[in-house]
Structures are given as structure tokens and as C-alpha cells.
């Protein structure tokens, strides 16, 4: 028992009042969870000391595996092992999988849902469900580490994430049973992790090249207040693309054709390994052995640089843009913070250093830095640091607009507007007695609605019927601190609030979320029982089928009538019980039928051996 | 939670005098002070009512800040609280001299589109537009101070036109950087 409590200044001295909170970096390639322990942010490691959890989920028939365990099954069972799911968050089927993608899942389209699903043996699953499995694994690591319940979490998202992607992340947290304090932009988290809030005021550029996304953010720091001046980037640029570029080169060099999913995975893994090796050495060996195809080769730093330099250049263009958006000069940037595993690549460090004309900060582990920052923010939001004056002010990453006549987008809230923010617009009716209208909200910078991302259709209903042009319908668009939008509307003359039906274009509907929640681990026990029951039902059907087939084949020949009757009696019992019995009852009935047919099985085996041997010379028998 | 007075002007909200030439650093400091009080992050563990209220107030503060930190919006807002009716955006200018200037500036922006030194020429036009915007801002201040609100509105409109051309130029710069 602790007789003496020593606390950091500004920390709670009453330990029982301390609220446990965690920061989660839900990444494309790897995910991490961090916590503030004894006043210091740390990333939590698994039993083998690894803080990274590969963002991979494997769906086995009996359980869901995540991380390294799932990664181990990537090659042997690619269709039931899902990686890089973050790319699918809040996305439609047409958005996922570029033509050069070498890995395909079994996508299912459904009439009842707008969300693409991946067919696995655990059912057809959405990105939200798959991500929630990762969140659950990380939350479990956190609760086991503190031996208590988490009060809430902060989950990071790329600053570039649009409304649908943020919503999907929030849904995944809900599904994992987590209380989400806030979604935090990854670059802001990184700046917090470096403790830049304690530094002198100035402008900070955060260059974040992760597995699947690139973000550049320009932050202004002023007396502990982080203000995001501008964010930019590319939601489809990252280390995975580098791997793909190297994989393409390997396929070309090795002359591979006929590439199936397993071989593709193997080449991708080899490509990643080679890229990582080249961080510390000048050349790396590559060897691929798969069925009839095999290849051994060598890649050097120059070759890697040649393959990936177009990708790094794309990131630099985005940097230039973000500076312009922020209205600041390159020379005004005081610090450049490097985030994401891909910033370990030598060429990235060099090109970023050259562009900003200063040495980028990379003292902290670039994989951990975002989770550490999220942990610090979660600790503050949980109320464990009442004296903290740190405040993170964010901006809207992409403009919000509504569809007008001719398929054009009319901007309601411009990109980089500080959030939370609200805007109101007034509409009128154009038909006599009109009581409903529809608003199509899109997000993006382009003129044409078809070039923007469709967010949702809002149907406003139930305002009082009036003559055309008489109604004044005031529609308010509210964006909260997480960058998520909601819409309210009222007829200002009568004060009647409209009833609003939201039809998200890509997100899951509330009903879908609800049914997923119901089916989720909150009912883990029923879930397990249900799974066992399903397995026993399958087993029962298999036994019945086998018995029927055997009896039809040789029942009359090998068994007496009473023996047949007994087996049939047990079989009927089992048949009658399949739909209604519990898994335990089914198990017993199956055992009963197996017991009853034990001697029959022995007789059949003898008979089949005799039959197989009859009329054959001894040297023809396979021994 | 103590709600601020929603009927005060944005200048009052930030503790600034209602003039065009504001101290931008003070505006920013005041905005951050208000956000430190009302931002939803401060109400993560509060009840639903306070959570909602904090989103509303923080949105209002952001809206106020956005208007005051933008010269064109600030000039219009200043005229509005001084009782000038602001016509719709669709109103066109009748000042033929300014019309000619606009056409000329637009042509200069378009001319940047071609040639090897396109980005360099963009920079030159950018500097010219910046100088013109400063000139107009000074003109606005003198007219507003002389309480010539109608002519001040004319100047505000000219400022808006220049701002639009600046935006067009910045879009062009995007395009050129993309190749």
C-alpha cells in the first residue's frame, strides 16, 4: 500500500479522482495507444514489448484477431485478413481500389446500405466494424494496463479527413463502446507531443507521411494556443504507395505474371522490407519464393529514390499550397515536425529539409508521436490537468457547399474556416402549398457537384403550407469542434421547426449503427453462444447427412432391423432439435447418435477394407 | 455557464473600438481568450445543455473573428452597424473608371497563364493587387472618418472586387504549380 503519494505540481493529489483516459492513433498501417502515466505520456506495449499494433484484422471462424497475429495470416488467408482499412472509412465502393492496386478483397454491394462491405467468414463487414475491432484491441490494452475503466479517449484523424471519414471514425469508437472526447487532427497531436506549446511562439509545419495518407499542416502557436492555420495533403499518398512502387519494380524485374492474392501480398511485404532496410543501408536483397515463381534480386538506395521521388515531390507541392493557404512565407516557419513511419525514408528527410531550408525535428519515434500527443490531450480533456491552458483550435479541412441548379456547388462554409462554426441560409418555396424540400450537401473545392464528395441529402419536412415564395425557411448548418456537420431548419414566419431526415451518402445510417451495436461485443456472451450453436448446427447436419448416406448404401446389408431402427430413432431426435436446441443439447444428441452407430461404423470399416482388397493382387494395394 | 451578450457588436465582443484600423494582434489575443472560455473542449464532461451552448457560443465567436479579421467583411460590417443598408452582392458598380481598371487587372491575371515565367509574373501582379488593396483601405478610412458612409460603401465594394481578383490569381497559382 502506498503510504506516501507524490504528485507532479498541478496534478490531482487524490488518486481516486484521477480519470483514466487514452489517446489512440488509428493509423492506416499501424495503430497505437498512449496514456499519461505519472505525468508523462507513454505508448503502451503488448506482452512482447511492441507498441505498434499493425492495423490488420483477421476473421477466424471462432474469433477476431488483430495486429501481429492477424498479420501472420495475411498470406495464407488473404480474403479474411483485412489491412489498410482506414482508406475505406467513409468511402463508397468506387473510391476504394485504384487500378494499380494489387490487393483485392471480396467486396459485396448491398441494396440496403450505401457502405461497401468486405465479405469475410464472419459476415459482410463495413470499414467501421473492422476499425472498431482495432479500437477494441487498443482499448483493452489500456484498461489492462491501468486495471480500471477508461473515462474517455481521444482518437486522431488526418487533418484532411472529410465529414464522412470523421463520422465513420466516430461511429467506430461508438461501436467499440468507447466514450470519444474528441477527434484530434494528427499533426496537431504531433506538435503537442513535442511539447511545442511550452516553446516560444511561432509557426510550425507538421509533415506527416504515414502508411496511407499525407498531411501537411501549418500551425500557429501563441501562448499555449495551437491554431491550425491551414491543412493540406493527399488522402491517398503514403508509405503503402512507396511499397507499391517498389512492388511494381519487383514484378517487372522478376517477370512475374499470373499474380494471385497470396503472391501479391508476398511481393508487397518484400517491397516494404526492402524499403525499410534501405533506411540504414545502401542496398537490400530481395527474395521471393512462391510455388513455381521465385526471384532473387538486389535494390539500392538510388533505385529506391528513383521509384519514390515522384511521390515525395507530390508531398512537397502540397506543402507549398498549405503555406499559401495559411498566408505565410516559408521563411517564417520556425519548426518542421516529422511524423509517420515513412519519414524514416532518407529521401523524405532530405527533400523536406531542402524545401523548408531547415533541419526537421525527428527526435521522437515518428510512429509514436501522434499517439503521445493524443494521450496528452485526452488527459487534459479528462480534467486531470485543470491548470493547463493548452487549447487546440481547428479549422474545417474542406469547404462545405450545397447543390444548386445545374449541378453546381455553392459554398456555404469555406475551407480553413475556424470551427466550430455555424452558417444560416434562407430559402423560400417555389410551389403553392409546398411543405418539404431537399438539400444536398457536398464537401470539396470544385465547382461541379459531381467533382465534390457527396455528404448527405437532408429532407426538410413539415413546414406550414403557404403560397409560393411566402415561406421563409432558415437553414442552419452547424459544424462542431470535430468537424462534423448537422443541419437544422425552421420556417421563420411561423417558427415551425422542420423535421429533418438525413440520408448520408456514404456513412452508415443510424439504424445500421444501432443494429451493429446490438450485435457487437456488448453482447459477447450471447455472441459466443450463438457461434457455438451455429457450429453445432453445422456439425449436426453433417452427421445426419453422413448417417443417411451410409444407411442408404449398406445399412440393410450390415445391420439388423432393430439396429437400424435405433440409429434412425436418434437421428430423428437430432433432426427435430436442430433449430430449437442449445449448443450443449445438440452436442449431447450428436454424441448419442455417434454412440449408437459405433458398431455400425466398425462394421463399415471392415467391409470397406474387405471390398477394397477383394480381387486385387497384393502389390496393387497402396500401403 | 455564463453566456455572453449576443446583442453586442463584434467590436464590443473583442473589446475593440469600432473603427476600420484595428490592432490585429489584439483581435487575435481576444479571440483566443474567448475560445479558452467557451471552446467545446472545455465542456467535455459538462451536461448536454452546456455542451450545446458552448458549441453555439464558440461558433459565434469564430464568426465574429472571421468578419473582423477580413478587411472587406470588416468594412461592410462597420457600415452595417452604423446604419448603412448593404445591398446584395449582385449590385454592379457604375464607376466606369473602376470598371476599366477591373477589366485591365483581370487581363493581367489571364496573361500570367502562359509562358515560362508564369509564376514569376503572378508574383508581380500579386504585389500590384496588394498595393491597390492598401490604397483602397486608406480611402475607406478617410471616407468613413468623414462620415461619408455612402461613398465609403462604394470603396468597400471596390475592395471586394480587388479581393476577388486576388482569389482568382491564387487559384491560377495553384493550377500552375500542379503543371
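Residue numbers (the working numbering), protein chains in the order written: chain B, 9 to 631; chain V, 278 to 456.
Ideal Cβ placement from N, Cα and C applies to all residues, glycine included.
Quantities reported herein were computed from a predicted structural model and do not represent experimental measurements.
{"query": "Boundaries (first-last residue) of the beta strand (DSSP E) holding residue 89 (chain B)", "result": "89-91"}
{"query": "Other residues of its chain near residue 129 (chain B): CB distance less than 7 Å, five sequence neighbours each side excluded", "result": "67, 69 and 88"}
{"query": "Contact check, residue 200 (chain B) vs residue 345 (chain B), beta carbons under 7 Å", "result": "no"}
{"query": "Residue 264 (chain B) and residue 295 (chain B) closer than 7 Å at C-beta", "result": "no"}
{"query": "Proximity below 7 Å, CB of residue 162 (chain B) to CB of residue 386 (chain B)", "result": "yes"}
{"query": "CB contact below 7 Å: residue 385 (chain V) versus chain B", "result": "no"}
{"query": "Cβ of residue 222 (chain B) within 7 Å of any chain V Cβ", "result": "no"}
{"query": "Local conformation of residue 298 (chain B) per DSSP, three classes", "result": "strand"}
{"query": "Reduced DSSP category for residue 485 (chain B) - H, G, I as helix; E, B as strand; rest coil", "result": "strand"}
{"query": "Classification of residue 550 (chain B) by the beta-carbon crowding that lies within 10 angstroms, buried from 16 upward", "result": "exposed"}
{"query": "Status (buried if at least 16 other CB within 10 Å, exposed otherwise) for residue 500 (chain B)", "result": "exposed"}
{"query": "Residue-level contact to chain B via CB, residue 336 (chain V), 7 Å cutoff", "result": "yes"}
{"query": "Start and end residues, beta strand (DSSP E) containing residue 262 (chain B)", "result": "Note, residue 262 (chain B): premise wrong, no beta strand (DSSP E); alpha helix (DSSP H) at 247-262."}
{"query": "Residues near residue 458 (chain B) by beta carbon distance below 7 Å, same chain, minus five either side", "result": "415"}
{"query": "Check whether residue 378 (chain B) and residue 164 (chain B) have beta carbons under 7 Å apart", "result": "yes"}
{"query": "Contact with chain V by residue 426 (chain B), beta-carbon distance below 7 Å", "result": "yes"}
{"query": "Positions along the stretch 332-362 of chain V whose CB lies within less than 8 Å of some CB in chain B", "result": "332, 333, 335, 336, 337, 339, 340, 342 and 343"}
{"query": "The stretch 238-245 of chain B touching the stretch 264-274 of chain B, judged by at least three CB pairs closer than 8 Å", "result": "no"}
{"query": "Neighbour flag for residue 28 (chain B) against chain V, beta carbons, 7 Å", "result": "no"}
{"query": "For residue 506 (chain B), the nearest candidate out of B:490, B:481 and B:212 (CA to CA)", "result": "B:481"}
{"query": "Members of the stretch 442-453 of chain V that neighbour chain B once the beta carbon cut-off is set at 9 Å", "result": "447, 450 and 451"}
{"query": "Nearest-angstrom beta carbon gap, residue 217 (chain B) and residue 323 (chain B) [assumed within contact, 8 Å]", "result": "6 Å"}
{"query": "Exposure of residue 285 (chain V), with buried meaning 16 or more beta-carbon neighbours within 10 Å", "result": "exposed"}
{"query": "Minimum C-alpha distance to residue 296 (chain V) - residue among V:423, V:323 and V:332", "result": "V:423"}
{"query": "Residue 466 (chain V): contacting residues in chain B (beta-carbon distance under 8 Å)", "result": "In the structure as shown, chain V starts at 278 and stops at 456, and residue 466 (chain V) therefore has no counterpart that could be examined."}
{"query": "Start and end residues, alpha helix (DSSP H) containing residue 339 (chain V)", "result": "325-346"}
{"query": "Supposed close pair residue 220 (chain B), residue 248 (chain B) - CB separation, criterion 8 Å", "result": "5 Å"}
{"query": "Interface residues of chain B facing residue 309 (chain V) [CB-CB closer than 8 Å]", "result": "230, 231, 233, 235, 399 and 401"}
{"query": "Closer than 7 Å to chain B by CB, residue 317 (chain V)", "result": "yes"}
{"query": "Assigned exposure category for residue 82 (chain B) - 16 Cβ within 10 Å defines buried", "result": "buried"}
{"query": "CA-to-CA distance, residue 561 (chain B) to residue 108 (chain B), given in whole angstroms", "result": "With a pLDDT of only 38 at residue 108 (chain B), under 50, the local geometry of the prediction cannot be trusted, and the value read off the model is given with reservation. Computed Cα separation, rounded: 53 Å."}
{"query": "Under 7 Å by beta carbon: chain V residues contacting residue 319 (chain B)", "result": "Those do not exist, as residue 319 (chain B) stays about 15 Å from chain V at its closest Cβ, beyond 7 Å."}
{"query": "Where the alpha helix (DSSP H) through residue 323 (chain B) begins and ends", "result": "309-334"}
{"query": "is_contact[residue 551 (chain B), chain V] using C-beta, thresh 7 Å", "result": "no"}
{"query": "Contact set between the stretch 180-191 of chain B and chain V, restricted to residues whose Cβ is under 7 Å from the partner", "result": "189 and 190"}
{"query": "Cβ shell of residue 279 (chain B) (< 7 Å), same chain only, five flanking positions each side left out", "result": "251, 254, 255 and 258"}
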